[in-house]
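Take 1 as the starting number for the sequence shown in the working numbering and just add one per residue. Glycine included, C-beta positions come from ideal geometry on N, C-alpha and C.
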Amino acid sequence: MKTALHQNLSDKIKDIPDYLLEELSDYIDFLLFKKEKDWAENLSEEETNSINKGIEDLKMGRTHSHESVMEEMEHYIKSCKNE
1 MKTALHQNLS DKIKDIPDYL LEELSDYIDF LLFKKEKDWA ENLSEEETNS
51 INKGIEDLKM GRTHSHESVM EEMEHYIKSC KNE
């Protein structure tokens, strides 16, 4: 059963230029995949371990402020320019 929304989407798709159709197709594939599974279920063991390590670092206070990282990067970039 086609609803008004189906018809509206169909009409919009007909108006999309050819050069965007592949991008649209990719996005539709993503949406279909998304409805089937939670992205977290598809993480590799390495990715899951990395996330868990990050969570543990947060809990243990092993963090750096944005300001300290930016300052460190500024010093690093200056030292590279001086080489």
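Ile16 is positioned such that its CB atom lies closer than 7 Å to that of Leu24.
CA-CA distance, Ser68 to Lys59, rounds to 19 Å. Within the segment 25-72, the runs of alpha helix (DSSP H) at least 4 residues long that lie entirely inside it are, in chain order, 45-59. In the three-state reduction of the DSSP assignment, Ile77 falls in the helix class, which pools H, G and I. Per DSSP, reduced to three states, the secondary structure at Asn82 is coil, with no helix or strand assignment. Taken through DSSP and simplified to helix, strand or coil, Asp11 comes out as helix.
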